[in-house]
Amino acid sequence: MPPVGDPGTLERSIRSPRVGGTIAMIGVVTGAGQVDPRPLISRAIRLQGIYVGSLEMFRAMNAAIAEAALTPIIDRVFPSEKAHDAYAHLAEGAHRQGRHHPLSECEGPYNIV
3 MPPVGDPGTL ERSIRSPRVG GTIAMIGVVT GAGQVDPRPL ISRAIRLQGI YVGSLEMFRA
63 MNAAIAEAAL TPIIDRVFPS EKAHDAYAHL AEGAHRQGRH HPLSECEGPY NIV
């Protein structure tokens, strides 16, 4: 899905999804203008705005991640020429090994094994 934000991309995005599809708009579209709603209505397309938060919230999140010493679990690394193998690995569910606990259920430090 291409990002929506540059002038003209919203109009192109409205033509892109299947009937009943969804367009996800992350953040604010630059260059506010007029949008013809008829293609959205006639093709039952849902235009969904996604709020990503403020810069202050982003900084607070990163500070919390650093304070808790959270690190991602990386089970394998694929070179870009093996992207097909990486997607197959995801599709097989092989990356879901171990136990996963929501952080709200864990006592600190936040380790996921």
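Residue numbers 3 to 115, in this note's numbering, belong to the letters of the sequence shown in order.
Even for Gly, the Cβ is constructed at its ideal location relative to N, Cα and C.
Quick caveat, the model's predicted, so the values are computed rather than measured.
Query, Result
"Could you check the C-alpha separation between Cys-108 and Phe-60 for me, to the nearest Å?", "Because the pLDDT at Cys-108 is just 47, under 50, the model does not fix this residue reliably, and the point stays unresolved."
"CB-CB under 8 Å to Pro-19, same chain, minus the five flanking residues each way: which ones, in chain order?", "Ile-25, Arg-45, Ile-47"
"Quick one: residues in its chain with C-beta nearer than 8 Å to the C-beta of Asp-87, no 5 flanking neighbours on either side, listed in chain order?", "Phe-80"
"For Thr-24, list the residues DSSP reports as bridge partners.", "Arg-48"
"Could you give the distance in angstroms between the alpha-carbon of Pro-4 and the alpha-carbon of Ala-71?", "Reliability of the predicted coordinates at Pro-4 is poor, the pLDDT of 49 falling under 50, and no value is obtained from them."
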